[in-house]
Amino acid sequence: MTVDIAAPAGMFVWADAHCDTNAMAEAGMARGILLAPGCLFSPNQLPSTRTRINISAMAPETFAFLASAIQAGAKGKTVRTG
(Lines of atoms letter the chains of each structure in order from A and count residues from 1; the text may use other names and numbers.)
(Lines give C-alpha, C1' and ligand atoms only; values in the text may rest on other atoms or scores of the structure.)
Protein backbone atom coordinates (compact mmCIF):
# COMPACT_ATOMS: atom_id res chain seq x y z
CA MET A 1 0.00 0.00 0.00
CA THR A 2 1.26 3.44 -0.89
CA VAL A 3 -0.06 6.23 1.35
CA ASP A 4 -0.29 9.83 0.13
CA ILE A 5 0.42 12.33 2.88
CA ALA A 6 -0.04 15.78 1.40
CA ALA A 7 -1.77 17.67 4.21
CA PRO A 8 -0.25 18.23 7.66
CA ALA A 9 -3.64 17.61 9.30
CA GLY A 10 -6.93 15.90 8.61
CA MET A 11 -9.05 12.84 9.30
CA PHE A 12 -8.38 10.98 6.05
CA VAL A 13 -5.46 9.79 3.94
CA TRP A 14 -5.55 8.45 0.41
CA ALA A 15 -3.76 5.21 -0.33
CA ASP A 16 -3.13 3.03 -3.36
CA ALA A 17 -3.86 -0.51 -2.23
CA HIS A 18 -2.62 -1.97 -5.54
CA CYS A 19 -5.73 -4.17 -5.64
CA ASP A 20 -9.46 -3.84 -6.40
CA THR A 21 -10.76 -1.60 -3.62
CA ASN A 22 -14.39 -2.39 -4.50
CA ALA A 23 -13.79 -6.06 -3.64
CA MET A 24 -11.84 -4.99 -0.56
CA ALA A 25 -14.76 -2.79 0.59
CA GLU A 26 -17.28 -5.62 0.07
CA ALA A 27 -15.12 -8.03 2.08
CA GLY A 28 -14.73 -5.40 4.79
CA MET A 29 -18.48 -4.82 4.96
CA ALA A 30 -18.99 -8.55 5.55
CA ARG A 31 -16.79 -8.13 8.65
CA GLY A 32 -18.44 -4.92 9.82
CA ILE A 33 -15.60 -2.73 8.51
CA LEU A 34 -16.64 0.28 6.44
CA LEU A 35 -14.19 1.33 3.73
CA ALA A 36 -14.39 4.01 1.05
CA PRO A 37 -13.17 2.66 -2.31
CA GLY A 38 -11.88 5.23 -4.77
CA CYS A 39 -14.78 4.73 -7.19
CA LEU A 40 -17.07 6.56 -4.75
CA PHE A 41 -15.10 9.74 -5.39
CA SER A 42 -14.95 9.43 -9.18
CA PRO A 43 -17.56 11.20 -11.34
CA ASN A 44 -17.81 8.06 -13.49
CA GLN A 45 -17.46 5.67 -10.51
CA LEU A 46 -14.77 3.73 -12.35
CA PRO A 47 -12.98 0.86 -10.56
CA SER A 48 -9.94 2.02 -8.64
CA THR A 49 -7.01 0.69 -6.65
CA ARG A 50 -7.14 3.80 -4.48
CA THR A 51 -9.05 4.12 -1.21
CA ARG A 52 -9.73 6.82 1.35
CA ILE A 53 -8.89 5.78 4.90
CA ASN A 54 -10.23 7.43 8.05
CA ILE A 55 -7.19 7.59 10.31
CA SER A 56 -8.86 9.53 13.11
CA ALA A 57 -11.12 6.70 14.29
CA MET A 58 -9.87 3.35 13.03
CA ALA A 59 -10.49 0.20 15.07
CA PRO A 60 -7.46 -2.09 15.52
CA GLU A 61 -9.12 -4.92 13.58
CA THR A 62 -9.29 -2.63 10.54
CA PHE A 63 -5.47 -2.56 10.33
CA ALA A 64 -5.33 -6.37 10.33
CA PHE A 65 -8.07 -6.55 7.69
CA LEU A 66 -6.32 -4.02 5.43
CA ALA A 67 -3.04 -5.92 5.71
CA SER A 68 -4.63 -9.26 4.78
CA ALA A 69 -6.72 -7.73 1.97
CA ILE A 70 -3.71 -6.01 0.43
CA GLN A 71 -1.60 -9.18 0.66
CA ALA A 72 -4.36 -11.18 -1.03
CA GLY A 73 -4.71 -8.56 -3.76
CA ALA A 74 -0.95 -8.46 -4.33
CA LYS A 75 -1.00 -12.21 -4.91
CA GLY A 76 -3.89 -11.85 -7.38
CA LYS A 77 -6.31 -13.57 -5.03
CA THR A 78 -9.84 -12.50 -4.24
CA VAL A 79 -10.34 -10.93 -0.84
CA ARG A 80 -12.35 -13.40 1.23
CA THR A 81 -15.60 -12.21 2.78
CA GLY A 82 -15.75 -14.82 5.54
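Last residue of the sequence shown: 1393 (my numbering), numbering continuous.
Glycine included, each C-beta is placed from N, C-alpha and C at the ideal position.
Straight-line CA distance for T1392 to M1340?
By 1-based counting over the sequence shown, the position of residue 1392 is 81. By 1-based counting over the sequence shown, the position of residue 1340 is 29. Any reading at T1392 must be qualified, since the residue scores a pLDDT of 48, below 50, and its modelled position is unreliable; no value is offered.
Just checking my contact of T1360 with T1332 at CB under 8 Å: how many whole Å lie between their CB atoms?
Taking the sequence shown and counting its residues from 1, the one referred to as residue 1360 is at position 49. Taking the sequence shown and counting its residues from 1, the one referred to as residue 1332 is at position 21. That pair is a contact at about 6 Å.
Range covered by the beta strand (DSSP E) that runs through A1370
Within the sequence shown, the letter at position 59 stands for residue 1370. From DSSP, A1370 is part of no beta strand (DSSP E); its letter is neither H nor E.
Residue closest to F1376, alpha-carbon to alpha-carbon, out of Q1356, A1328 and C1350
Sequence index remark: in the sequence shown, residue 1376 carries index 65 (1-based). Measuring from the Cα of F1376, the nearest candidate turns out to be A1328.
In its own chain, which residues sit with a C-beta less than 7 Å from the C-beta of A1347, not counting the 5 before and 5 after it?
As a working note, residue 1347 is residue 36 in the sequence shown. Same-chain partners within the cutoff: T1362 and R1363.
Is C1330 near I1366, with beta carbons less than 8 Å apart?
If you number the sequence shown from 1, residue 1330 lands on position 19. If you number the sequence shown from 1, residue 1366 lands on position 55. The answer is no: Cβ separation not under 8 Å.
Who are A1334's beta bridge partners in DSSP?
Counting from one through the sequence shown, the residue named residue 1334 turns up at place 23. The partner list for A1334 (beta bridge, DSSP) is empty, contrary to what the question assumes.
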